Structure formats: structure tokens, C-alpha cells
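Below is one structure, written out as C-alpha cells; comments come after it.
2 protein chains.
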Amino acid sequence: MVTSRDVARLAGVSQATVSRALSSSSKLSPATKAKVRAAMEELGYVPHAGAQAMKTQRSNTIGVVVADLTNPFYSEVLDELSRELDKAGLRVVIWNTGGSSHTDALKAIGEHAVDGVIFTTATEESLELRAAIEKAKPIVLINRSIEGLDCDRVMSDNVGGGAAVAEYLVRHRRTRVAFIGGTENASTSRERGRGFLARMRELGHPVPEHFRFRGGFDHDVSAQIMERLLARADSPQAVFCANDFMAFGALDALRRAARDQGECWVIGYDDVDMAAWSSFNLTTVRQPSRDMARTGVQLLLERLKNPGAPPRKVDFPSELIVRGSTGLAPA
Amino acid sequence: MVTSRDVARLAGVSQATVSRALSSSSKLSPATKAKVRAAMEELGYVPHAGAQAMKTQRSNTIGVVVADLTNPFYSEVLDELSRELDKAGLRVVIWNTGGSSHTDALKAIGEHAVDGVIFTTATEESLELRAAIEKAKPIVLINRSIEGLDCDRVMSDNVGGGAAVAEYLVRHRRTRVAFIGGTENASTSRERGRGFLARMRELGHPVPEHFRFRGGFDHDVSAQIMERLLARADSPQAVFCANDFMAFGALDALRRAARDQGECWVIGYDDVDMAAWSSFNLTTVRQPSRDMARTGVQLLLERLKNPGAPPRKVDFPSELIVRGSTGLAPA
DNA sequence: ACAACGAGTGTATACGTATACATTGGAGAG
DNA sequence: CTCTCCAATGTATACGTATACACTCGTTGT
Numbered sequence: 001m002v003t004s005r006d007v008a009r010l011a012g013v014s015q016a017t018v019s020r021a022l023s024s025s026s027k028l029s030p031a032t033k034a035k036v037r038a039a040m041e042e043l044g045y046v047p048h049a050g051a052q053a054m055k056t057q058r059s060n061t062i063g064v065v066v067a068d069l070t071n072p073f074y075s076e077v078l079d080e081l082s083r084e085l086d087k088a089g090l091r092v093v094i095w096n097t098g099g100s101s102h103t104d105a106l107k108a109i110g111e112h113a114v115d116g117v118i119f120t121t122a123t124e125e126s127l128e129l130r131a132a133i134e135k136a137k138p139i140v141l142i143n144r145s146i147e148g149l150d151c152d153r154v155m156s157d158n159v160g161g162g163a164a165v166a167e168y169l170v171r172h173r174r175t176r177v178a179f180i181g182g183t184e185n186a187s188t189s190r191e192r193g194r195g196f197l198a199r200m201r202e203l204g205h206p207v208p209e210h211f212r213f214r215g216g217f218d219h220d221v222s223a224q225i226m227e228r229l230l231a232r233a234d235s236p237q238a239v240f241c242a243n244d245f246m247a248f249g250a251l252d253a254l255r256r257a258a259r260d261q262g263e264c265w266v267i268g269y270d271d272v273d274m275a276a277w278s279s280f281n282l283t284t285v286r287q288p289s290r291d292m293a294r295t296g297v298q299l300l301l302e303r304l305k306n307p308g309a310p311p312r313k314v315d316f317p318s319e320l321i322v323r324g325s326t327g328l329a330p331a
Numbered sequence: 001m002v003t004s005r006d007v008a009r010l011a012g013v014s015q016a017t018v019s020r021a022l023s024s025s026s027k028l029s030p031a032t033k034a035k036v037r038a039a040m041e042e043l044g045y046v047p048h049a050g051a052q053a054m055k056t057q058r059s060n061t062i063g064v065v066v067a068d069l070t071n072p073f074y075s076e077v078l079d080e081l082s083r084e085l086d087k088a089g090l091r092v093v094i095w096n097t098g099g100s101s102h103t104d105a106l107k108a109i110g111e112h113a114v115d116g117v118i119f120t121t122a123t124e125e126s127l128e129l130r131a132a133i134e135k136a137k138p139i140v141l142i143n144r145s146i147e148g149l150d151c152d153r154v155m156s157d158n159v160g161g162g163a164a165v166a167e168y169l170v171r172h173r174r175t176r177v178a179f180i181g182g183t184e185n186a187s188t189s190r191e192r193g194r195g196f197l198a199r200m201r202e203l204g205h206p207v208p209e210h211f212r213f214r215g216g217f218d219h220d221v222s223a224q225i226m227e228r229l230l231a232r233a234d235s236p237q238a239v240f241c242a243n244d245f246m247a248f249g250a251l252d253a254l255r256r257a258a259r260d261q262g263e264c265w266v267i268g269y270d271d272v273d274m275a276a277w278s279s280f281n282l283t284t285v286r287q288p289s290r291d292m293a294r295t296g297v298q299l300l301l302e303r304l305k306n307p308g309a310p311p312r313k314v315d316f317p318s319e320l321i322v323r324g325s326t327g328l329a330p331a
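These protein sequences, in sequence, are chains P and U. According to UniProt numbering, the first sequence is numbered sequentially starting from 1. According to UniProt numbering, the second sequence is numbered sequentially starting from 1.
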């Protein structure tokens, strides 16, 4: 392995000068800098990330926790996050083990393996996470909130989005409706459900208990539920799914059952790219996932620059996008 | 920051003993080990990854290069890779900047920021990559081959898969067919196209030049091409797309054009989970992506354990999965 | 002419851990 | 009862880099 000392020897300078040639900020005569750079080139020198990390206490690496990469929403968010972090010159390490990953990601902060972590997943509120945030570790939450805890986070209006769906359905006289939610410990699903169910009740059309489901954020589970719903005599006039991924499952079940188009409306949440595909043409509540991801990166970068700053909360509005899955012509 | 020295002081032992308490292999009396563990717990000690990396020259981190996370094939592969690497106790850093990422990932090996890299992307054959492989860096290629170069890699039979599609189409009397490939510098797309086009010619039905397209592995581009094809007087009886993602685009265009089901068959390649969804019901060539990912991890782990071993090449068979997009009933 | 200064570079050390080597003490062999 | 030997632990050092401090020497101001 070639070290900065080797470079120093070849260039006829001290090891310190080599180190200085690395950081563009430090003052160094252009002549020596060129000489050192040439020596680096000749030897194929690459600085050792671990050694740098030890001295600077910076790994130039950010952790990202995702729940389920087969769900296109998470793919899109991760796609945007990784591109943005890459632009900022940071490495990206991911944890993809579902719920259990909180611990590993938090441990990585302690190990100084990552400088900060972005959580995009919405599972149970772990005590470790709470403790880490209270210790002011550099953590940003995307699409997730923790009660009574101050930290950087970017959210969209899940309650309002759910309510908007209720209003839309009632306005179009679809009042016998079902709700397919995700796991109950996911704040997003809970809030979307809360907003939707509350507004349905307010509007005089409460959703009966046997039309409320907690599937667990999965395409196939959702399809099964839809299948059972369609088999009922009083099958619903519309189904609201807590995310697009599950809505696709519902649409698939509908298609498989070969039922009349428009007999049962389907509405999703997220507006992932796929929702606009002709094959789905899904009415859904738009969540600006890529904007949210970019904002999350921004928050984290600023926190790293200024650890003492007060936590910031950024909220994005949600917007109902009407498409063919609720009978209307596509845009 | 709490260091191993702090732990040593509290436990009344030397720093070396603390270090030994970390690696379960080293011999240490159960009594002192317990004492040290208790002290670690009390102080909340976490070893510094950078320092460890510097001493051991191991980062316990693997790099993964992906091309496009919005393509579900890559999502699935990354999903499997990350789970498998996590199981092995390794961190996963990803590069997602498309073609340019080769350089960064290879640099990371030099920096000792990662112990090895798995390439899942299939873009141009970069000289840096070739050079790195020749220097015996721990690199595994998934779904990608480099001519005249020996290295660990796992592939599936792209040529054979393409040929199987040709045979299937001709057997069903669909001889006026089009091919929508990806970028020409992707070995997978090239091989699939080669296998397909060659066999069509052998069977007496060469694909005319104006029915061959290089879209670039993208849903929307593929849809546009399909649209133009359908507008022709001699529109094709079938379209073979070099991956499922593009096939979905073709199906979308077909659906948007509201053409007769079965007028134009669509065939994909990969068999991602979505291909089986009722909304697509896509006939495709199965590539065992998750098996391939697992095998890739295996190859890399063994290479790290035994750097001098001869490179291994693992090939998976490909298999035509017939579904509704070629007129047949779903399984 | 000399003093003061600052840009450019070298010297020395610290970051936190792992491990080769030295040391200790106690068990077992004769 | 002495000697040998090994297990358990301490001592010392190295990994590769960044940076505080010291130093040199040419420049500027008077």
C-alpha cells in the first residue's frame, strides 16, 4: 500500500505537505502542489479513508434506512437521496432489513462509520431512535413523525390527504367505501387513515369496522383483501389504499375478477411514477417524494454544518391527482 | 467521545485487554471479559470504525453499483444484495449515478472505504474497471461480462434467452416482429438482441432494420417507440423488449392505443415480480435475479477470504415464462 | 539600514485500535 | 520441591493522516 509518506519521499517534501496538497483549502505554493500531485499520480496514491476518518472524525458517509425496496415509493426516494448525496460528495450506506435496522444504523453513528442518518421508513417508534435523537445525533426523518420529540423532519400532510380523498368520494356519491391501511405502527398509514375515516364520519358516512383493513404495505396482501371485498354482496363502491403499492394490488384483483370498469373505484397514496402509467392510471394523493428527499438531504447537510441549530420541520402539501381508476379520463 | 482507554481505566485493565474483549476469538478469562463488557455498557462505548479499519485494513463494507433504481429489476437485485450482505455483517454502500459511477466505486476500493465491489450495472466497459480487475481487486460482476477478462461473475444465458423468444414467436406464426433493445454498450441488451435476431434469421424471418430499436432501458422511451410502431400500416405482430421495464412501456402504449388484445404480442426479459401482476401478465424470459444476487455475494465473500483463488464464473439458465401478453391464459 | 511580518514548509504529535512481544503466576511433571 | 510450560494480561508500538507549532526567508515599511 502506498502512503502519503511514500509520496513525500518521491516529491522531496514532508508528509505534512502531502497532506496539505490534498485539502485544497490549505495554503501551498502552486509549484510544490504540482510537484506533489505529480508524485501522487506516479505512485497511484489514494488516501486511506479510515485514517482520515480517525483524524477528522468525519466519514463523509451518510446512512439511509429504507423499509422495502420492492415498493416503488422507497425506490424513488432512495434514488433521489443517493443522487443528491452523491452530488454533495458523500457516500451512501443503506440499511434494508425492515424494522430491525434502526439499531444498526444508530450503531453506525456511534462507530463514526456514518456522519448522520436519514430514516425514510415508517415502522414502530423505537426507543433507541428516540434516545439517539434526544442525544442530538444528526438524524433526519422523512415521512415519519415521533410524538413529543423535536428533530429535523420532512413530512407531507397525510391527514389532509386522507381527508381530501373522503371529500372527493362523497362528492361523487361513493359512500360505501373501504380502507386498506398499512401496519398500525407506521405513522403515515395511521395518519392517512385517521384523516380519511374522520372526514367520512364527519360527512355522515362512517366506514364500518368490517371495511377497515390493516394489510401491511404489501401488493399481494392488498390484492387478497380486494378479492374478498369484491366477493361480498355489499361490495364497496370505492377502496382507499394507504399507498400506491397496495392500490396496484387492488387494481390487479379488480382486473383479475374481470369486474366492470368503474364498479369499484380505487385510490392510492404517493403518486409514484408508475401510478401515471396507462396500465394503472391511478387516482392518488400526490406526495412530492423527490422534493421531500432533496429537502431531507438539505436538512442533514445543514445540521452537520451547524449541530447546535434548532430542529427544523418542513411540511409539504398533498394534492389529489384524479385519473382513470376513479372513472375519469386521464390527464 | 469514549475510547477503549476510558473503558480500560474504568474496568481496571489495560487498553489491550479491552481490545481483546471485542474480538471473541482472542483468549481472555471469562471473569475479565465480563468486567470489561460491563464497563463498556456503563460508558456506552462503541469502537471507532475508522480506527479499526486503519489497523485491520478491513472496512467491513461492500460497495454495490446500480444503474437505475426506478427499474424494478435493479431494485430487486439491490434488495436481495443488501439483505444478504447485511446477514453477513457487512455494511452496504451504493453508487447510483449511472455510468459515471464506476470510477467512484473503484476509488473507494483504493481508499479502503470498501473491501470489494459488486457491479450490477451493464453500461460501457470502462478501462478503469478493466484495469482494476487486472490488478485483482475484489470485484464481482453480476449480469455483465467483459471480453477477454477473467474475473468473478454471475450471468444468465442472455443469448439463449433471446433465441428462445425467437423460436417461440416463429412457432406461433408471429414472424413480423420488432426488437426494442437498450443501449448498445450494455452487454446484456446486446446479447439478448444478438440471440434473438440471429435465431430469427436462422429460422428464415430476419428482422428488418427499421424494426430494430435501441431505446435505452427506459419505460417512456419504449412506450413512444411502440406508439410509432402501432401507427404503421405494417405494424408488427409481436415486440420483444430487452427488459421487462421497457416491456411495461410497450404494454402501456398498447393499452393507450386501445388496440385489440393480442393484436401485438409483447415479450419482456427478467421476470421481475411485477411481470406476474394481473395488470401486466407479461410473457418474459426469467432471469433468477435473487439467486444471482445471492451467488454474487457468495463469490465476493469467498474472494475476500481467499484473494488468490482463480476467478469463478457462474451461469444460470434462462427460461421462457408464458403469460397473457402473448395471448395465452395466465398460469 | 533594520524591524516586523507573513507565506510556505518542516517537525512533532495525536487520533483510537490491534497485536507482537514481554511478563507474570500458577498448574503439572519429574 | 524445583523446573517447565502455558494461559492471562500488560507494555510498547504501528497503522496513515491532519494539524498545532516552530522555523525560514523574502517582502514591506520606516
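For every residue, glycine included, the Cβ atom is placed at its ideal position computed from N, Cα and C. Please read all numbers here as calculations on a predicted model, not as lab measurements.
Check                                                                                                                                     : Outcome
Neighbourhood of U:A105 by C-beta distance below 7 Å, restricted to the same chain and skipping five residues each side                   : G63, V65, W95 and V117
Listed by chain order, chain U residues near P:M54 by CB distance under 8 Å                                                               : H48, G50, A51 and M54
Backbone secondary structure at U:R130 - three-state DSSP                                                                                 : helix
P:S19 at chain U interface by Cβ criterion, 8 Å                                                                                           : no
Chain U contact for P:G110 (CB, 8 Å cutoff)                                                                                               : yes
Beta-carbon neighbours of P:K107, restricted to chain U and to distances below 9 Å                                                        : V46
Under 8 Å between C-beta atoms of U:H210 and U:M246                                                                                       : no
Neighbour-count burial assignment, U:R228, 16 or more Cβ in a 10 Å radius                                                                 : exposed
7 Å Cβ cut-off: residues of chain P touching U:I94                                                                                        : S82, V92 and I94
Inter-stretch contact at 8 Å, needing at least 3 Cβ pairs: the region 315-325 of chain U / the region 276-292 of chain U                  : yes
Pairwise C-alpha distance: P:S222 and U:L300                                                                                              : 37 Å
Cβ-Cβ distance between U:L43 and U:V7 below 8 Å                                                                                           : yes
Any chain P beta carbon closer than 8 Å to U:A113                                                                                         : yes
Contact with chain U by P:T188, beta-carbon distance below 8 Å                                                                            : no
Range of the contiguous alpha helix (DSSP H) that encloses P:G89                                                                          : Premise fails: P:G89 is in no alpha helix (DSSP H) and is neither H nor E.
Cα-Cα separation between U:G195 and U:A88, rounded to whole angstroms                                                                     : 37 Å
Minimum C-alpha distance to P:A257 - residue among P:T103, P:M226 and P:K35                                                               : P:M226
For P:N170, the residue or residues it bridges with in DSSP                                                                               : The displayed chain sequence assigns Val, not Asn, to residue 170 of chain P. The partner list for P:V170 (beta bridge, DSSP) is empty, contrary to what the question assumes.
Which residues DSSP lists as bridging P:D244, in chain order                                                                              : In the DSSP output, where bridge partners are listed per residue, P:D244 has none listed.
Residue from P:S156, P:V165, P:A242 and P:R201 with nearest C-alpha to P:M292                                                             : P:S156
7 Å Cβ cut-off: residues of chain P touching U:R294                                                                                       : By Cβ distance, chain P contributes nothing, its closest Cβ being about 14 Å from U:R294, past 7 Å.
Burial state of U:N243 (16 or more Cβ within 10 Å)                                                                                        : buried
Residue-chain proximity (P:E263, chain U), Cβ-Cβ < 8 Å                                                                                    : no
U:E80 burial status per 10 Å Cβ neighbour count (16 or more: buried)                                                                      : buried
Span of the beta strand (DSSP E) around U:T283                                                                                            : T283 to R286
Counterpart residues of residue 332 of chain P in DSSP-defined beta bridges                                                               : What is shown of chain P runs 1 to 331, which leaves residue 332 of chain P out entirely.
Status (buried if at least 16 other CB within 10 Å, exposed otherwise) for P:R232                                                         : exposed
Which residues DSSP lists as bridging U:K313, in chain order                                                                              : U:R153
Between the CA atoms of U:F73 and U:D270 - distance to the nearest angstrom                                                               : 7 Å
Sub-8 Å separation of U:P47 and U:L304 beta-carbons                                                                                       : no
Terminal residues of the alpha helix (DSSP H) in which U:F196 lies                                                                        : S187 to E202
Three-state secondary structure (DSSP) of P:D270                                                                                          : strand
Classification of P:L85 by the beta-carbon crowding that lies within 10 angstroms, buried from 16 upward                                  : buried
Whole runs of the alpha helix (DSSP H) within the UniProt domain "HTH lacI-type" (2-56) of chain P, excluding any shorter than 4 residues : 4-11, 15-22, 30-43 and 49-56
Test item: CB-CB of P:M54 and U:G50 under 8 Å                                                                                             : yes
Under 8 Å by beta carbon: chain U residues contacting P:T3                                                                                : By Cβ distance, chain U contributes nothing, its closest Cβ being about 11 Å from P:T3, past 8 Å.
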